[in-house]
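Taking it in order: structure first as structure tokens, then the write-up.
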């Protein structure tokens, strides 16, 4: 009996062309230009692939037939306690299943995100979690072409199941707590609550802004456009914006809701140069959690997103082979000022 010839794999193309598997993956995909691979190299790789009867879809789908034991996760940044908590939980659940976790950061750049997805596909990861996706539709198309199961975490995607924090509920409760601690009238620009940070076009920030507006409107002090300063997530941008706000107001506002930990880092960069008495008339909250905030010279209300719960639910979807476009929300936790939260990994270090 004659056996059917074995189909070429990406590793065969890499060996025959003298290129690395990731270079072959890029050459057969869309990211070779951004990786500065020469056209001559791309043409040579594609010629070898054609001679072997190989196509990009074969690269994507053929690798799915065998389990590699590798599982992938993409996060925007490593320098963020929330995303590092997601990574830590992702690794823990992977090891419980005897899998090897592979984690990469996209730096919130769509091209880099796509390049990482192509590379992880080329290494035949068994499934992929995408946290804080910048271009979820393209990521889903790439994963579906590769028959790669994927779950969106933190920010939802339209092409796969998603697990996100209940951003509206968390921000609404945080806003209410700020109003209890420091009732504002809204009669002067300084006697108001302000929200700073985040990207108004992304899902999480959009829901938090919506909650901020809803609660202030319910309180009879609907916010003006200038009370919402969506300046992105970069600390330096936040430092500039809070300094400019204080200049306009003649000091800190009555209340400040800081829309992420990296933004809080920038805000602290400005507040650290102020005298203690400048902070006493203001109340501050942060939609994220860092234990070191308990030791600041002023109290900070914080929201702790349940990173462990988000990843646990995402793994449940993988284990149960959930493929429907469900959106599951995990409730965040309000952390009172001067409170220290014990993480699931507090015994390690």
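Residue numbers (my numbering): 26 to 374. Don't be surprised by glycine CBs; every beta carbon is placed ideally from N, CA and C.
Beta-carbon contacts of residue i that lie in its chain and below 8 Å, excluding the five residues immediately before and after
i, result
"residue 150", "93, 95, 96, 97, 127, 173"
"residue 273", "214"
"residue 106", "286, 313, 314, 315"
"residue 338", "188, 353, 355"
"residue 70", "38, 42, 44, 48, 49, 52, 53"
"residue 360", "314, 326, 327, 328, 329, 366"
"residue 228", "180, 181, 189, 192"
Residue i and residue j closer than 9 Å at C-beta
i, j, result
"residue 202", "residue 310", "yes"
"residue 333", "residue 190", "no"
"residue 111", "residue 336", "yes"
"residue 340", "residue 61", "no"
"residue 355", "residue 186", "no"
"residue 199", "residue 175", "no"
"residue 278", "residue 307", "yes"
"residue 252", "residue 299", "no"
"residue 267", "residue 281", "yes"
"residue 303", "residue 239", "no"
"residue 101", "residue 59", "no"
"residue 244", "residue 204", "yes"
"residue 220", "residue 246", "no"
"residue 157", "residue 133", "yes"
Neighbourhood of residue i by C-beta distance below 7 Å, restricted to the same chain and skipping five residues each side
i, result
"residue 103", "109, 130"
"residue 262", "256, 291"
"residue 285", "222, 223, 258, 312, 313"
"residue 116", "126"
"residue 89", "For residue 89, the predicted structure reports a pLDDT of 49, less than 50, and the residue's modelled location is therefore unreliable. A value from the coordinates is still provided. If we look at residue 89 and ignore the five residues flanking it on each side, its Cβ neighbours are 171, 172, 173."
"residue 47", "144, 147"
"residue 370", "113"
"residue 301", "322"
"residue 294", "260, 264"
Delimiting residues of the beta strand (DSSP E) encompassing residue i
i, result
"residue 176", "174-178"
"residue 126", "125-130"
"residue 288", "Counting along the chain, residue 288 falls outside any beta strand (DSSP E), though it belongs to the alpha helix (DSSP H) covering 286-296."
"residue 221", "218-221"
"residue 326", "325-329"
"residue 310", "308-311"
Residues bridged to residue i (per DSSP)
i, result
"residue 77", "Its beta-bridge partners do not exist; DSSP assigns none."
"residue 213", "According to DSSP, which records beta bridges pairwise, residue 213 is partnered with nothing at all."
"residue 156", "178"
"residue 187", "177, 352"
"residue 98", "128, 154"
"residue 113", "Looking at the DSSP assignment, residue 113 forms no beta bridge with any residue, so it has no partner."
"residue 38", "Note: residue 38 sits in no beta bridge, so no partner."
"residue 283", "221, 311"
"residue 359", "328"
"residue 257", "223"
Unbroken alpha helix (DSSP H) run spanning residue i, endpoints
i, result
"residue 193", "192-206"
"residue 168", "161-170"
"residue 347", "Segment: none, residue 347 is in no alpha helix (DSSP H) and carries neither H nor E."
"residue 138", "135-147"
"residue 228", "228-243"
"residue 51", "46-53"
Own chain, CB closer than 6 Å to residue i, minus 5 neighbours either side, in chain order
i, result
"residue 26", "For residue 26, the predicted structure reports a pLDDT of 43, less than 50, and the residue's modelled location is therefore unreliable. A value from the coordinates is still provided. Within the same chain, residue 26 has no close Cβ partners at all."
"residue 319", "363, 365"
"residue 289", "283, 311"
"residue 342", "176, 186"
"residue 73", "38, 41, 42"
"residue 135", "159, 160"
"residue 368", "none"
"residue 35", "46, 49, 84, 147"
Cβ of residue i within 9 Å of any chain B Cβ
i, result
"residue 175", "Within the model displayed, chain B is absent; a lone protein chain is all it includes."
Residue i beta carbon near the ligand COA (any heavy atom closer than 8 Å)
i, result
"residue 328", "Of the ligands one can find in the structure shown there are none, so the ligand COA has no counterpart to examine."
Hey, is the segment 130-145 in contact with the segment 46-54, meaning 3+ C-beta pairs nearer than 8 Å?
yes
Could you check whether the segment 153-169 touches the segment 295-311, counting it as contact only if at least three pairs of C-beta atoms, one from each stretch, sit closer than 8 Å?
no
Taking 8 Å as the cut-off, does the segment 227-238 touch the segment 176-196 (at least 3 CB pairs, one atom from each stretch)?
yes
The segment 200-219 / the segment 178-190 touching (three or more Cβ pairs under 8 Å):
no
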